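Protein chains in written order, with UniProt numbering: chain A, 1 to 267; chain B, 1 to 267; chain C, 1 to 267; chain D, 1 to 267.
Just so you know, even glycine gets a beta-carbon here, dropped at the ideal spot from N, CA and C.
It should be emphasised that the depicted structure is a prediction, and the values quoted were computed from it without experimental measurement.
Notes follow once the structure below has been shown.
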């Protein structure tokens with residue numbers, strides 16, 4: 001890209017307001033910690049802003065999304081408060097080419113479940129498990145510079161079965177002290193957009209200050225930028241024989257409508 | 001399965017009512033032709049019923065779906081008239097283990113787009129293209145007994161880019177006289193359910209009387225039966241360390257709620 | 001299949017001869033234990049024989065392989081003693097439609113590495129790790145009836161990075177007491193054959209007497225049977241325009257040879 | 001990469017010597033045309049050299065390969081003359097991280113079939129088919145800037161079934177005038193190396209002067225560069241519990257050998 005990658009870090013920002021120990025752990029919010037990690041790794045190559053649930057339209061207006069190359073999403077306590085309209089808008093922008101990085105408990109967000117089509121449920125435990133993050137796709141851009149394994153001393157446990165579609169690529173698999181495993185770094189292409197789900201990170205632990213976790217998120221930001229020149233919606237079009245490049249708009253499913261529409265087009 | 005596969009063939013049944021030439025081509029409706037093809041191929045191994053848009057709840061009540069092992073779906077002119085409630089119900093049953101076979105213009109149905117998360121658009125042309133259906137996964141159950149290529153003398157053209165997630169498996173790829181190509185037989189696993197999308201078939205052509213097309217749909221019916229013993233929703237549960245099999249219900253995301261809930265559980 | 005599945009269980013059978021404690025653990029050899037497990041689960045649905053390294057042609061003559069629907073492979077100490085000719089013969093039969101189940105240290109066999117094209121290396125440790133085998137593809141035939149997780153009290157550890165091609169399907173992921181993870185049940189289709197690699201099992205532990213391990217291998221035997229009616233090699237053929245079904249044999253790459261060959265065909 | 005991508009374009013260079021019309025079509029050899037296309041697209045970003053079959057060690061010494069980031073391969077009439085030693089050397093370098101682009105009839109080369117593990121056969125016809133190359137993965141780096149479809153006025157036909165492993169990614173699917181289809185742009189990761197197979201191109205047609213074809217090959221060169229810092233072989237190592245980063249070399253499969261080896265290590 002000729003210009004810096006425009007990143008919007010979205011945070012629900014509720015635990016930080018309701019739970020003093022979370023506020024102490026993340027004085028700038030979890031979104032603040034995520035944003036700082038990206039800036040620390042990518043410097044001039046990004047321009048980062050944040051947005052939160054309580055802003056009008058959750059800070060994700062049409063204008064903001066149109067100027068966002070990659071959106072990161074962290075939510076947990078208030079998935080249900082995200083408006084359907086905004087969730088649908090985010091989904092549409094992903095399909096048109098906006099990158100999306102879904103973090104940890106964002107697995108259950110409206111945005112992610114709409115894009116996956118499944119329940120996105122899992123097993124979990126909030127104790128003091130050590131998480132080991134193993135790379136199973138060592139040439140993947142998102143895995144570059146990440147130790148094998150990457151050790152996170154304490155984190156929430158997420159375990160299989162993770163009810164998501166079979167990923168396009170599995171980059172990381174985690175284990176936990178208790179013996180559970182999880183496909184913890186997975187990619188999907190949807191429409192013209194690229195999606196990365198990354199498991200680590202919880203309000204109860206300082207995960208978003210972990211160097212390796214920050215590096216993974218930063219790698220993912222660079223990976224998730226779509227290469228297409230402009231943001232467009234995949235559109236259903238009719239193409240005449242031997243006319244490969246000039247599609248016609250859809251004119252309705254019933255034959256009579258087709259004929260009327262076509263005769264109008266001719267006029 | 002010890003009992004016959006219980007198949008529900010869903011048809012929109014609008015073209016048949018509105019367009020006399022479609023009614024003539026498909027005197028029992030397109031759903032009738034699909035149902036007969038399945039019965040002709042699978043005989044005693046299936047018990048087939050049909051349901052259509054104009055029935056109460058589109059013929060897809062909770063009871064009907066609970067007793068359906070595999071649902072086939074054809075819609076075109078009236079996708080928008082399918083109620084959100086029924087579309088969500090069908091999606092839920094698929095995630096719980098009901099098989100789903102989406103036929104032709106069903107690509108744009110609420111049911112399929114909800115499960116895919118994408119626009120499911122494509123390019124198309126209703127002329128008299130010959131379609132050749134080539135098998136690219138020759139050991140797949142759905143491909144057994146199908147000629148390579150399978151020739152359909154006249155059919156509507158669907159061409160790439162087909163905006164769907166990368167399939168778990170590509171069984172068939174079609175070409176058309178005009179030179180377009182299409183991933184025309186593709187599988188997805190979603191939740192505990194199995195999905196097959198199959199391209200051929202249109203109200204303008206007698207495609208659902210084609211022996212090979214009927215055989216593919218019948219193979220897919222047998223393939224789509226989930227192997228799990230009972231229909232269950234994937235559910236998010238908490239598991240204590242070393243307790244691998246007894247998950248606890250989710251008690252809310254905020255710590256205070258957790259603690260209250262847990263102390264209640266203890267009592 | 002109308003006839004019972006014809007299974008050949010291949011065992012290297014060296015540890016059993018050289019190490020008394022292995023002979024005591026597996027009095028009928030490891031191949032004997034594997035064969036008994038398959039028979040115990042599938043009964044009349046299989047006909048099982050065994051073959052070992054020290055037999056002429058390692059017990060895998062052309063005749064034996066032609067009459068084998070599914071071959072299971074365990075080797076460890078003597079991969080290098082398997083003749084290239086037999087390894088190539090097994091590879092060819094897999095490509096023609098014989099199922100192959102590769103067990104544990106068979107990952108480094110000539111047969112498996114030839115079919116994968118990679119080094120098939122991994123990390124390992126022979127201590128007393130507990131292995132937990134988690135299902136990540138719950139509707140897969142091979143996972144039916146297997147506990148989630150399946151617990152193996154003591155086993156050798158294999159860890160990532162496992163240098164194999166990205167699997168077509170990942171059915172199981174294992175963790176070990178030490179925290180390592182491994183893609184422990186994975187499928188591949190190669191030519192007209194189906195391959196399942198399954199990690200558990202070692203000469204140092206009684207793994208092949210474990211009920212769940214035996215059930216997985218038995219499920220895999222049923223899954224690995226190719227559906228194609230006869231065993232054939234994929235062959236490169238020339239097809240004239242509009243002649244979709246009658247390919248001609250390859251006549252050499254150079255034009256003059258083609259022309260000569262064609263003129264001979266005409267005569 | 002900080003330095004230009006070091007590309008070696010390998011050509012069999014036999015048709016050019018034996019068939020005057022091929023020599024006229026490709027005065028600098030097909031390898032010359034491929035090399036010029038890469039240079040024309042990537043300029044200072046690459047340093048391209050060529051190598052051919054008749055050079056000592058086919059021009060692919062250990063030294064040449066060690067200094068090659070991406071190798072392109074075209075062969076046809078003389079696959080059998082490539083020495084097993086060189087084929088194995090190329091395979092090893094791919095597994096260690098060298099990119100590989102296999103062109104057209106290279107599908108049947110020793111290098112490609114060793115890496116795939118299958119026969120890599122297909123159906124073909126050398127007539128004057130028009131090839132349409134359709135993009136089915138529009139955000140893939142290799143598809144950037146390529147028309148949809150890309151039209152090649154005349155080319156050899158290759159058709160399914162193409163006996164290769166299910167690709168990691170399908171970027172392009174081709175159709176031909178005769179109605180055949182082919183997965184014509186496909187990717188594989190093997191070891192630490194990335195592989196792209198691209199179908200178009202034949203000695204009988206000026207395909208390697210086609211702007212789009214040259215652009216695809218150039219995109220693939222940039223894509224195929226492995227991101228890993230140095231070229232290393234995946235190696236089987238033993239790791240003690242809690243020692244995640246210091247593996248020990250393999251000391252032989254039999255227990256007695258292990259113990260001896262370990263006691264030696266201790267000394």
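Buried or exposed: residue i, going by 16 or more other Cβ atoms within 10 Å of its Cβ?
| i | result |
| --- | --- |
| residue 115(B) | buried |
| residue 232(D) | exposed |
| residue 66(A) | exposed |
| residue 40(D) | exposed |
| residue 119(C) | buried |
| residue 155(C) | buried |
| residue 44(B) | exposed |
| residue 203(C) | buried |
| residue 83(C) | exposed |
| residue 142(C) | buried |
| residue 246(C) | exposed |
| residue 27(C) | exposed |
| residue 3(D) | exposed |
| residue 81(B) | exposed |
| residue 96(C) | buried |
| residue 159(B) | buried |
| residue 59(C) | buried |
| residue 62(A) | exposed |
| residue 230(A) | exposed |
| residue 266(B) | Note on residue 266(B): pLDDT 32, under 50, position unreliable in the model; no value is reported. |
Give me the Cβ distance between residue i and residue j, rounded to the nearest whole Å; I'm assuming they're in contact under 8 Å.
| i | j | result |
| --- | --- | --- |
| residue 198(B) | residue 220(B) | 7 Å |
| residue 75(D) | residue 214(D) | About 19 Å separates the two Cβ atoms, so there is no contact after all. |
| residue 166(A) | residue 168(B) | 5 Å |
| residue 216(B) | residue 185(B) | 7 Å |
| residue 121(D) | residue 235(C) | 6 Å |
| residue 124(B) | residue 123(A) | Actually they are not in contact, since the Cβ atoms of residue 124(B) and residue 123(A) sit about 43 Å apart, beyond 8 Å. |
| residue 35(D) | residue 9(D) | 4 Å |
If we cut at 8 Å on Cβ distances, does residue i have a partner in chain F?
| i | result |
| --- | --- |
| residue 32(C) | Annotation note: the requested chain F is absent from the structure, which comprises protein chains A, B, C and D. |
Near-chain C residues of the stretch 198-227 of chain D (beta-carbon distance less than 9 Å), N- to C-terminal order
So the close ones are 203 and 204.
Under 8 Å, CB to CB, which of the residues in the stretch 135-168 of chain D have a partner in chain B?
Listed by position, the residues of the stretch 135-168 of chain D near chain B (Cβ gap below 8 Å) are 135, 136, 137, 138, 148, 149, 159, 160, 161, 162 and 166.
Name, going along the chain, the residues of the stretch 105-137 of chain B whose beta-carbon falls closer than 7 Å to a beta-carbon of chain A.
Taken in chain order, the members of the stretch 105-137 of chain B whose beta-carbon sits within less than 7 Å of a beta-carbon on chain A are 114, 115, 116, 117, 118, 119, 121, 122, 123, 124, 125 and 127.
Below 8 Å, how does it come out for the stretch 49-68 of chain A and the stretch 198-212 of chain A: are there three or more Cβ pairs, yes or no?
Not touching, per the Cβ criterion.
Does the stretch 68-83 of chain B touch the stretch 102-112 of chain B, meaning 3 or more C-beta pairs lie closer than 8 Å?
Contact holds: three or more Cβ-Cβ distances are below 8 Å.
Looking at chain C, which residues of the stretch 227-240 of chain D have a Cβ within less than 8 Å of any of its Cβ atoms?
So the list reads 233, 234, 235, 236, 237, 238, 239 and 240, given in the order they occur along the chain.
Does the stretch 16-31 of chain D come close enough to the stretch 186-200 of chain D that 3 or more CB-CB pairs lie under 8 Å?
Segments in contact, no.
Given 8 Å as the limit, is there contact between the stretch 119-132 of chain A and the stretch 169-187 of chain A, that is, 3 or more CB pairs closer than that?
Verdict: yes, contact present.
Is the number of C-beta pairs between the stretch 181-191 of chain A and the stretch 4-13 of chain A that are closer than 8 Å three or more?
Result no; under three Cβ-Cβ pairs closer than 8 Å.
Let me know the beta strand (DSSP E) ranges lying completely inside the stretch 122-148 of chain B, each 3 residues or longer, listed in chain order.
Counting whole runs of 3 or more residues, the stretch 122-148 of chain B contains the beta strand (DSSP E) stretches 123-135.
Just to confirm the assignment: which complete alpha helix (DSSP H) runs, minimum length 4, are found wholly within the stretch 77-108 of chain B?
Those alpha helix (DSSP H) runs which fall completely within the stretch 77-108 of chain B and span 4+ residues are 84-96.
Chain B contacts from the stretch 178-190 of chain C (Cβ-Cβ distance under 8 Å)
Correct list: 189.
Between the stretch 53-75 of chain C and chain D, which residues of the former have CB atoms less than 7 Å from a CB of the latter, in chain order?
Per Cβ criterion, the list is empty.
Unbroken beta strand (DSSP E) runs of length 3 or more, entirely within the stretch 9-62 of chain A: which are they?
46-52, all fully within the stretch 9-62 of chain A.
Determine which residues of the stretch 84-97 of chain A have a Cβ less than 8 Å from any Cβ of chain B, and write them out in chain order.
For the stretch 84-97 of chain A, which is checked against every Cβ of chain B, the residues closer than 8 Å are 91 and 95.
As an exercise, report each continuous alpha helix (DSSP H) stretch of at least 4 residues that is fully enclosed by the stretch 171-244 of chain B, in chain order.
Look at the stretch 171-244 of chain B and you find these whole runs of alpha helix (DSSP H), each 4 residues long or longer: 211-224.
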